[in-house]
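J.: Quick one: this structure, given as structure tokens, is what I'll be asking you about.
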Amino acid sequence: MKYLLTIVFAICSFAAYGKDDPEQTKREIGQHRAIAAAHEAAAKCMESGKDEEVCNAELAKACKGIAIGKFCGMKHSHGEP
């Protein structure tokens, strides 16, 4: 019985966590737009002929606090399958 109650509690907690919070959704939308803008700026930087390291440094600076990782939440395969 104890395990059954634990499972029911876990399922209810998970269901409550999954509900949409309009404010959280708005924040996530803003984060996605900010990340997209940072990546667009990085693409324009590379198109301009600047060195990839310079563009990646600018990307990292633009993404500080909004995404994780060296490439602002994206990992490139660089043509590898």
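If you read the sequence shown in my numbering, its first letter stands for residue 19, the second for the next number, and so on.
Glycine included, every Cβ here is placed at the ideal spot set by N, Cα and C.
Helix, strand or coil for G48 per DSSP?
T.: Locating residue 48 in the sequence shown gives position 30, counting from the first residue. G48 falls in the helix class under three-state DSSP.
J.: With H, G and I counted as helix, E and B as strand and the rest as coil, what does DSSP make of C90?
T.: In the sequence shown, residue 90 corresponds to position 72, counting from 1. Of the three classes helix, strand and coil, the one that applies to C90 here is coil, per DSSP.
J.: Hey, is I84 close to the ligand SAM, as in C-beta under 7 Å from one of its heavy atoms?
T.: No copy of the ligand SAM appears in this structure; indeed no ligand is present at all.
J.: Could you pull out every residue in the same chain whose Cβ sits closer than 6 Å to the Cβ of A60, ignoring the five residues on either side in sequence?
T.: Counting from one through the sequence shown, the residue named residue 60 turns up at place 42. So the list reads C73, L77, once near-sequence residues are dropped.
J.: Are the beta-carbon atoms of A54 and C81 separated by less than 8 Å?
T.: Translated into the one-based positions of the sequence shown, residue 54 becomes position 36. Translated into the one-based positions of the sequence shown, residue 81 becomes position 63. Cβ distance not < 8 Å, so A54 and C81 don't count as in contact.
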